[in-house]
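Asks: In full-length UniProt numbering, the protein residues as written are 1 to 573.
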């Protein structure tokens, strides 16, 4: 356009020069000044007259000889005269192709949205819990169908995530190409092209799984003068909580009030559990503390019948040491009597009918021993919310103090989106290698598995609950890298007076208690966006139970390196 404008000015200058009249002196020049002056004015007048006539003719000539429309053509019609112009033309062509690709991806996204995760969730929930009339085969088929649907749902979400990732990448490429072409609203056109179309749908690859529909439950309506004395001796606190939950199921089947064990022979449950919470959830008195029971039965502090669920390796799975502790409380008891042959190493599957037939009794106080390994209606017992009808999310949960402390810790250090990892190591090597499929993974392999979950969940931080040595956790931290960035591992720090998240524990005098701290760890893990557990650990299993009951379970929850074998396994001794 600058060239054309310059030509126009040259033409105008040439045209004016051609129409100028040169002032030649005549050879018959007359010297009178008046004649010269008159002729001079006549010449000036003639020049102006000629200019006024020629100027409109010039514009008419330019109008018909020049393509005015070409001055307003788009960039694509500009003649390519240099390599830089060719590059810009190629960039614009690439932008056009990217826009076409983007439209195709968005169309694919909209089609997948019509079969969204909600549809899969409906199908999943419809197969969660078999009804009470289901046979064992139908229960097995239901479980397999549920697992297949969950797997398909996860694969579908992965596909949709890949589509949305490509849409975002497409947009980034367009913006990079447009950085040298930002004229007017052109960049805004592309910037606003993608987000409004799919932004409203959203995609959470680690969405929550609601498994509470169609629970199979029974009412717990105990007789006021019938008691079941709970005894739990195997393993650590998590084992005892599982044992306690099974005792509650037995008490409901036998219409009895459950007596919580004394802290002198068991853990101090009142520090980590709210016993009254259980009664409030059922709307009646179904559990009492040992202290309350001892006051009520001070004149007859006796277990009338000891009906053993397990006969091997010892009757009721209770050793002599525990019997002595019970007697030291002033509690007398009947002889231990097994009702069938049952080994803790190979427990048989039992039904409700089996239990009621063998353990029903008119005696006032009975005990059945440790039932941690008992396999009675396992799917029913382990369903989200448990087998008992109640108005709460779950019956056995951390105390209110521990719940509030966990929430304050999360608000202080973690935020809403975090992964929790239970990394069990101490004493786990020998335990795992004794199993058919070892669950003890080398740190580099574990780090690779964790990194995949982090990438999928898109979480900025990992809460680490572990008994591992610092040498292992330091190596683990150095190896967890996602998209070129290290993902921090955070362990619960030692108490600091400058931090107030644990003030409630100090105020109630339960700070530093190992069981309180273990339950606090468990609670934080149960509140995470995604949880990675250690296969074979009851600590992990109790976290999974809480997550299902609290409806915080995620489709990304899994055991560490699930469906994998350790890439190196040591020989047995």
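Idealized CB from N, CA, C, for every residue including glycine.
Predicted, not measured: the structure shown is a model, and the values here were computed from it.
Counting C-beta neighbours from all protein chains within 10 Å, is the total for residue 386 16 or more, i.e. buried, or is it exposed?
Replies: Buried, by the Cβ-count rule.
Asks: Which residues in the same chain as residue 305 place their Cβ atom closer than 7 Å to its Cβ, once the five residues preceding and following it in sequence are excluded?
Replies: The answer, listed in chain order, is 334, 361, 363 and 366.
Asks: Do residue 331 and residue 372 have their beta-carbon atoms positioned less than 8 Å apart in this structure?
Replies: Result no, Cβ atoms of residue 372 and residue 331 do not sit closer than 8 Å.
Asks: So, at 7 Å on beta carbons, what are the nonlocal neighbours of residue 266 in its own chain, with the 5 sequence-adjacent residues on each side left out?
Replies: Only 232 and 240 meet the Cβ criterion.
Asks: Quick check: the Cα distance between residue 523 and residue 410, rounded to an integer number of angstroms?
Replies: If you take the alpha carbons of residue 523 and residue 410, they lie about 10 Å apart.
Asks: Sort out for me which residues DSSP pairs residue 530 with in a bridge.
Replies: 419.
Asks: Let me know the alpha helix (DSSP H) ranges lying completely inside the segment 420-491, each 4 residues or longer, listed in chain order.
Replies: Listed in chain order, the complete alpha helix (DSSP H) runs (minimum 4 residues) inside the segment 420-491 are 428-433, 443-457 and 470-479.
Asks: Mind checking whether residue 208 and residue 552 have CB atoms under 8 Å apart?
Replies: Yes; because the gap between Cβ atoms is below 8 Å, this pair is in contact.
Asks: Could you give the C-beta distance for residue 394 and residue 549, rounded to a whole number, given that I count them as a contact under 8 Å?
Replies: Yes, they are in contact, since the Cβ atoms of residue 394 and residue 549 sit about 3 Å apart, within 8 Å.
Asks: Around the C-beta of residue 540, are 16 or more other C-beta atoms found within 10 angstroms, so that it is buried, or is it exposed?
Replies: Classification for residue 540: buried.
Asks: In the DSSP assignment, find the beta strand (DSSP E) that holds residue 308 and state where it starts and stops.
Replies: Counting along the chain, the beta strand (DSSP E) containing residue 308 begins and ends at 305-308.
Asks: Under three-state DSSP, which class holds residue 365?
Replies: Here residue 365 sits in strand by DSSP.
Asks: My understanding is that residue 453 touches residue 556, with C-beta atoms under 8 Å, so please give their C-beta distance in whole angstroms.
Replies: That pair is a contact at about 6 Å.
Asks: Skipping 5 residues on each side, what residues in its chain have a beta carbon closer than 6 Å to that of residue 312?
Replies: Once the five neighbours on either side are set aside, the close Cβ partners of residue 312 are 343.
Asks: Could you tell me if residue 340 is buried or exposed, where buried requires 16 or more neighbouring beta carbons within 10 angstroms of its beta carbon?
Replies: Exposed.
Asks: Where does residue 554 fall in DSSP's three states?
Replies: Residue 554 falls in the strand class under three-state DSSP.
Asks: Just the Cα atoms here: how many angstroms apart are residue 36 and residue 82?
Replies: The pLDDT assigned to residue 36 is 47, lower than 50, so where the model puts this residue is not dependable; a value taken from the coordinates is nonetheless given after this. Answer to the nearest angstrom: the Cα atoms are 59 Å apart.
Asks: Go ahead and pull the three-state DSSP assignment for residue 610.
Replies: Within the shown structure, residues of the chain are numbered from 1 to 573, placing residue 610 beyond reach of any answer.
Asks: When DSSP labels each residue in this structure, what does residue 499 get in the three-state scheme?
Replies: DSSP places residue 499 in coil when its eight states are reduced to three.
Asks: Could you say which of 273, 516, 573 and 297 lies nearest to residue 431 if we only look at CA atoms?
Replies: Among 273, 516, 573 and 297, the Cα nearest to that of residue 431 belongs to 573.
Asks: In chain order, what are the residue ranges of uninterrupted alpha helix (DSSP H) at least 4 long that sit wholly in the segment 245-309?
Replies: List check, alpha helix (DSSP H) in window: 269-272, 275-282 and 290-296.
Asks: Relative to the C-alpha of residue 576, which candidate in 504, 413 and 501 has its C-alpha closest?
Replies: In the structure as shown, the chain starts at 1 and stops at 573, and residue 576 therefore has no counterpart that could be examined.
Asks: Buried or exposed for residue 351, please, with buried defined as at least 16 other CB atoms from any protein chain shown within 10 angstroms of its CB.
Replies: Residue 351 comes out exposed.
Asks: Assuming contact is defined by CB atoms lying nearer than 8 Å, are residue 464 and residue 443 in contact in what I supplied?
Replies: In this structure, residue 443 does not lie closer than 8 Å to residue 464 by Cβ.
Asks: List the residues that DSSP assigns as beta-bridge partners of residue 227.
Replies: According to DSSP, which records beta bridges pairwise, residue 227 is partnered with 257 and 365.
Asks: Return the Cβ separation of residue 248 and residue 406 in integer angstroms, given the expectation that the two are a contact with Cβ distance under 8 Å.
Replies: About 24 Å separates the two Cβ atoms, so there is no contact after all.
Asks: Measuring CA to CA, which of 272, 509 and 457 is closest to residue 419?
Replies: Ranking the options by Cα distance to residue 419, first place goes to 457.
Asks: For a test of the three-state rule: what should DSSP assign to residue 187, helix, strand or coil?
Replies: Confidence at residue 187 is low in this model, with a pLDDT of 45, below 50, so its placement is unreliable and no value can be given for it.
Asks: Which one or two residues does DSSP pair with residue 350 in a beta bridge?
Replies: Beta-bridge pairing links residue 350 to 376.
Asks: Report yes if the CB atom of residue 359 is closer than 8 Å to the CB atom of residue 534, and no otherwise.
Replies: Taking 8 Å as the Cβ cut-off, residue 359 and residue 534 do not qualify as a contacting pair.
Asks: With 16 other CB atoms within 10 Å as the buried threshold, where does residue 222 fall?
Replies: Buried, by the Cβ-count rule.
Asks: When you compare only the Cα positions, how much space is there between residue 216 and residue 494?
Replies: Each residue's Cα considered, the two are about 43 Å apart.
Asks: When we look at the beta-carbon of residue 224 and count the other beta-carbons within 10 Å, is it buried (16 or more) or exposed?
Replies: Flag for residue 224 reads exposed.
Asks: Return the bridge partner residues of residue 218 from the DSSP annotation.
Replies: Answer is 388.
Asks: Under the rule that 16 or more other beta-carbon atoms within 10 Å means buried, what is residue 512, buried or exposed?
Replies: Exposed, by the Cβ-count rule.
Asks: Shortest alpha-carbon distance to residue 486 belongs to which of 519, 451 and 516?
Replies: If we check each option's Cα against that of residue 486, 451 comes out closest.
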